[in-house]
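Q: First to last, the sequence lines map onto chains A and B. Start counting the first sequence at 686; every next residue gets the next number (the working numbering). Start counting the second sequence at 686; every next residue gets the next number (the working numbering). We treat Cβ as the ideally placed atom computed from N, Cα and C, and that holds for glycine. Encoded as C-alpha cells, here's the structure I'll be asking about.
2 protein chains.
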Amino acid sequence: MRLKLFIKYDGTNYCGWQRQKNALSVQEVLEGALEKTFGEKITVVGCSRTDAGVHARMHVSSFDAETTIPVGKIPLVVNMYLPQDIRAFYCEKAADDFNARFAAKEKTYCYRILNQEHNDPFLSRFVWHYPIALDVDKMRRGAEFIVGEHDFKAFCAAGSCVKTTVREVRELKLEKNENLIEITIRANGYLYNMVRIVAGTLCYVGNGKLEPEDVKKMLEEKKRVLGGITAPPEGLTLEKVVY
Amino acid sequence: MRLKLFIKYDGTNYCGWQRQKNALSVQEVLEGALEKTFGEKITVVGCSRTDAGVHARMHVSSFDAETTIPVGKIPLVVNMYLPQDIRAFYCEKAADDFNARFAAKEKTYCYRILNQEHNDPFLSRFVWHYPIALDVDKMRRGAEFIVGEHDFKAFCAAGSCVKTTVREVRELKLEKNENLIEITIRANGYLYNMVRIVAGTLCYVGNGKLEPEDVKKMLEEKKRVLGGITAPPEGLTLEKVVY
C-alpha cells in the first residue's frame, strides 16, 4: 500500500534532503530507518528537496510498503531507528498514485533572522544571526512587491534549469518578536534558493543597501544581480505542505 | 579590576559548569577564551555549578583582568574565542570584592517537559520528552506544598553534604502551552539536584504514581525515597540570577 509519512528535522548535520554519494542526507537516513521498520528496501519521494542545513517542521514522503503494523503506529516504530534530529510524527494511507512531490499544491517556508549584537545558543541552529540593525517597516514595503504571480527569475540561483520561472506567492508576512524577525512565505512553488534570495534581499532593504522599490525593479528586469545576498541555510525552515 | 560577565549556554555537549579532569566543562572553555582575550591566565567564579547537560540563559561569572578593551565590548571579543553553544552577552565592572557565587541572592530555574507522543527536533536539546499524559492541575496542587521555607532534605541527591538543607522557594509556577509544560522555580538557593527532583516528583504526581499530598509527606518525613525520579538534565535551564 502507498503510505504518506510526516517528519520534522533539524537539518544542521545533513547535506540536505536529497540522497548524495559522499554526504549524509535526510532521505538516506529515513530510507535506512524505513528498511529496518518494514524489512525491505524502501525508496521514498519527498515533498521538497531542502538544501544542506535547511530544516523542516513538516516534510512529507510517499512510498510503498507492506506491513502488519497499524498505520498510526508506524511513526513510533520508525522513530526507534531514526536519530534524535529527525522525528516522524504522523502516517496515513494514501491513494495508490499519491506522489508527495507532484501532488503538493502549496508550501509555506519561514526564514528567521536574529537581529541582535550577540547570537543566542538556544536559537542559533534555526536562525540567521544578523548583528546590524534592520528596519522591518522598510522590509515590509519591499515584501509587498513579491506577493502575487510573477516571473521570479531574479530570485533564482544561477545554473538551475526549470521550464518556467513564474510562481505565485500567496502571502509574505514579516513579524518581529523581541529581536527575532520571521519572514513567512506561502507559494504554489519555489525556484532554487528562492526563499533565501528573498530573505537576503529583504535584509539588504532593511539595512539600507537597497530600497523597497529595488525589489520591484528586480522582478521587472529579472536580474539576480540587482538583489541582496543568498541568506544562509540555517535560518530556513519548511513549515507546511498542502495537498 | 573585577569584572562581571554574563553568558548563555547550551549545555548538551559539556560535563557541566565546573572544571573537571577528564571532560570538557563550560568553565574550562570560558577560561580559555578569557585567556585569549586578556593575554593572561584567568580563573573565574561562577554563580552556579550546573550539572552535565544543563543549560543557562543567564550565568554570571566574576574574575579579575587588566585590559584596555572598553568593558561593554568585552563580550564581542570573548565571543570570537568561544564556540557557538556558549555566548557572552553582557559585561560590567563590579565591586572589588564581588563574588558571583556568594553574592547571588536568588536564582530562577525552568524545567521544561514536552508532553507528547513524539519528540520534536526543534526543542529536544532543551526539554525532557515525556510521552505519557500528565495532569497539570494535579501537578499544580503538588507544587503548592513546595512554596515557602522548608527543609528540602527529601529533594536532595544522596551523598551531597551541606550545612543546612533549609531553603526558601519563593515561587513555583506551572504553565502549559500546547504540549510544553514549563515548571519555573525561584528560590534563595538550591540543594544538589533539587530542581530535577522537584520536576521528577511533580511528573509522578502528573502521571498518577504519586498524589499531590505525597509532596507534603516528603517534606515532613524528609525522605528522598518517597519522591519521583530525578528528571534528566536536558530539561533544565538556569534562567536568571539576582544579586
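What are the complete alpha helix (DSSP H) segments, minimum 4 residues, inside the segment 714-766 of chain B?
A: 759-766
Q: If I measure Cβ to Cβ from K902(B) and keep anything under 7 Å in the same chain, skipping five residues before and after, which residues do I get?
A: As a working mapping, residue 902(B) is identified with position 217 in the second sequence. So the list reads L911, once near-sequence residues are dropped.
Q: How many whole angstroms separate the CB atoms of C888(A) and Y815(A), which I take to be in contact at a CB cut-off of 8 Å?
A: Residue numbering aside, residue 888(A) sits at position 203 when the first sequence is read from its first letter. Residue numbering aside, residue 815(A) sits at position 130 when the first sequence is read from its first letter. Sure, about 7 Å apart at Cβ, within 8 Å.
Q: Would you verify that the beta carbon of D770(B) is, or is not, closer than 7 Å to some beta carbon of chain A?
A: Mapped onto the second sequence, residue 770(B) falls at position 85. So yes, D770(B) belongs to the interface.
Q: Please confirm whether P806(B) has its beta-carbon closer than 7 Å to some beta-carbon of chain A.
A: Looking up residue 806(B) in the second sequence gives position 121. P806(B) counts as touching chain A.
Q: Please decide whether F691(A) counts as near chain B, where near means a Cβ-Cβ distance under 7 Å.
A: Indexing the first sequence from 1 puts residue 691(A) at position 6. Closer than 7 Å: no.
Q: G833(A) by DSSP, collapsed to three states: which one?
A: Start at 1 with the first residue of the first sequence, and residue 833(A) comes out as number 148. Strand.
Q: Strictly by DSSP, which residues pair up with C776(B)?
A: As a first step, residue 776(B) must be located in the second sequence, where it is residue number 91. Answer is L690(B).
Q: May I ask you to verify whether the segment 742-762 of chain B touches the segment 825-837 of chain B, counting CB pairs closer than 8 Å and requiring at least 3?
A: No: fewer than three Cβ pairs fall under 8 Å.
Q: Return the chain-ordered list of same chain residues with a C-beta closer than 6 Å to the C-beta of K721(B), the five sequence neighbours on each side being excluded.
A: As a first step, residue 721(B) must be located in the second sequence, where it is residue number 36. These residues qualify, in order along the chain: Y766.
Q: Among the candidates F691(A), K908(A) and N892(A), whose CA atom is the shortest distance from the CA of N764(A)?
A: As a first step, residue 764(A) is located in the first sequence; it is residue number 79 there, counting from the start. Of F691(A), K908(A) and N892(A), the smallest CA-CA separation from N764(A) is found for F691(A).
Q: Looking at C-alpha atoms only, which residue of L859(B), Q703(B), M824(B) and Y875(B) is the closest neighbour of T849(B)?
A: What you label residue 849(B) is simply residue 164 of the second sequence in a count that begins at 1. Of the listed residues, the one whose Cα sits closest to T849(B) is Y875(B).
Q: What is the DSSP secondary structure of R704(B), counted as helix, strand or coil?
A: Position 19 of the second sequence, counting from 1, holds the residue named residue 704(B). Coil.
Q: For the segment 776-787 of chain A and the segment 742-752 of chain A, state whether three or more C-beta atom pairs, one from each stretch, are separated by less than 8 Å.
A: When C-beta atoms of the segment 776-787 of chain A are compared with those of the segment 742-752 of chain A, three or more pairs fall below 8 Å, so the two segments count as touching.
Q: Using a Cβ cut-off of 7 Å (strictly closer), state whether S809(A) contacts chain B.
A: Position 124 of the first sequence, counting from 1, holds the residue named residue 809(A). Yes, because at least one Cβ of chain B sits closer than 7 Å to the Cβ of S809(A).
Q: If you measure between the beta carbons of V812(A) and G920(A), is that distance less than 7 Å?
A: Within the first sequence, numbered from 1, the residue matching residue 812(A) stands at position 127. Within the first sequence, numbered from 1, the residue matching residue 920(A) stands at position 235. Yes, Cβ-Cβ distance for V812(A) and G920(A) is below 7 Å.
Q: What are the boundary residues of the alpha helix (DSSP H) that Y889(A) is part of?
A: Looking up residue 889(A) in the first sequence gives position 204. Start and end: M879 to N892.
Q: Contact check, G975(A) vs D820(A) under 8 Å by CB: the rounded distance?
A: In this structure chain A extends from 686 to 928, so residue 975(A) is not present and cannot be described.
Q: How long is the line joining the alpha carbons of N804(A) and R687(A), rounded to whole angstroms?
A: One-based indexing of the first sequence puts residue 804(A) at position 119. One-based indexing of the first sequence puts residue 687(A) at position 2. Cα to Cα, the separation comes out at about 44 Å.
Q: Whole angstroms are fine: how far does the CA of I798(B) sit from the CA of R810(B)?
A: Counting from 1 along the second sequence, the entry for residue 810(B) is found at position 125. Counting from 1 along the second sequence, the entry for residue 798(B) is found at position 113. Looking at the two C-alpha atoms, the distance is approximately 11 Å.
Q: Kindly give me the distance between the Cβ atoms of A630(A) and G701(A), rounded to whole angstroms, as I take these residues to be in contact under 8 Å.
A: Because chain A is modelled from 686 through 928, residue 630(A) falls outside the range shown and cannot be assessed.
Q: Please name the residue in K925(B), I882(B) and S710(B) whose C-alpha comes closest to that of P918(B).
A: As a working mapping, residue 918(B) is identified with position 233 in the second sequence. The shortest C-alpha separation from P918(B) is found at I882(B).
Q: State the start and end residues of the unbroken alpha helix (DSSP H) segment that holds L911(A).
A: Taking the first sequence and counting its residues from 1, one reaches residue 911(A) at position 226. Careful: L911(A) lies outside any alpha helix (DSSP H) and carries neither H nor E.
Q: Whole angstroms is fine: what's the gap from K706(B)'s alpha carbon to E802(A)'s?
A: Here residue 706(B) refers to the residue found at position 21 when the second sequence is read from its first residue. Here residue 802(A) refers to the residue found at position 117 when the first sequence is read from its first residue. Roughly 34 Å between the two C-alpha positions.
Q: Taking Cβ positions, are G885(B) and A916(B) nearer each other than 7 Å?
A: Numbered from 1 along the second sequence, position 200 holds the residue referred to as residue 885(B). Numbered from 1 along the second sequence, position 231 holds the residue referred to as residue 916(B). Contact flag set, yes.
Q: Let's test the definition: count the other Cβ atoms within 10 Å of the Cβ of Q769(A) and tell me whether it reaches 16, buried, or not, exposed.
A: What you label residue 769(A) is simply residue 84 of the first sequence in a count that begins at 1. Answer is exposed; the Cβ neighbour count stays below 16.
Q: When burial is assigned at 16 or more other CB atoms within 10 Å of the CB, is Y699(A) buried or exposed?
A: Here residue 699(A) corresponds to residue number 14 of the first sequence, with the count starting at 1. Counting Cβ neighbours within 10 Å, Y699(A) comes out buried, since at least 16 surround it.
Q: Which same chain residues, not among the five before or five after Q703(B), have their C-beta less than 8 Å away from its C-beta?
A: Counting from one through the second sequence, the residue named residue 703(B) turns up at place 18. If we look at Q703(B) and ignore the five residues flanking it on each side, its Cβ neighbours are S710, Q712, G731 and R734.
Q: With a threshold of 7 Å between beta-carbons, can D695(B) be considered close to chain A, or not?
A: Translated into positions along the second sequence, residue 695(B) becomes position 10. At least one chain A Cβ lies under 7 Å of D695(B).
Q: Give me the subset of the segment 898-917 of chain A whose CB atoms are less than 9 Å from a CB atom of chain B, sorted by chain position.
A: none
Q: With a Cβ-Cβ cutoff of 7 Å, do L865(A) and M824(A) count as a contact?
A: In the first sequence, the residue the question calls residue 865(A) occupies position 180. In the first sequence, the residue the question calls residue 824(A) occupies position 139. No, the pair does not count as a contact, with Cβ atoms beyond the cut-off.
Q: Could you run through the segment 738-770 of chain B and flag, in chain order, every residue whose CB is less than 8 Å away from some CB of chain A?
A: H740, R742, P760, L761, N764, Q769 and D770
Q: Which same chain residues, not among the five before or five after R855(A), have their C-beta less than 8 Å away from its C-beta?
A: For this step, residue 855(A) is matched to residue 170 along the first sequence. Result list for R855(A): E791, V832, R871, A872 and N873, in chain order.
Q: Assign F723(A) to one of two classes, buried (16 or more other C-beta atoms within 10 Å of its C-beta) or exposed (fewer than that).
A: The residue given as residue 723(A) occupies position 38 in the first sequence. The residue is buried, with at least 16 neighbouring Cβ atoms inside 10 Å.
Q: Can you list the residues of chain E that A773(B) reaches, using a CB-CB cut of under 8 Å?
A: Given the protein chain composition of this structure (A and B), no chain E is represented.
Q: Looking at I771(A) and Y694(A), is the spacing between their C-beta atoms short of 7 Å?
A: Locating residue 694(A) in the first sequence gives position 9, where the first residue counts as 1. Locating residue 771(A) in the first sequence gives position 86, where the first residue counts as 1. Yes. Within cutoff.
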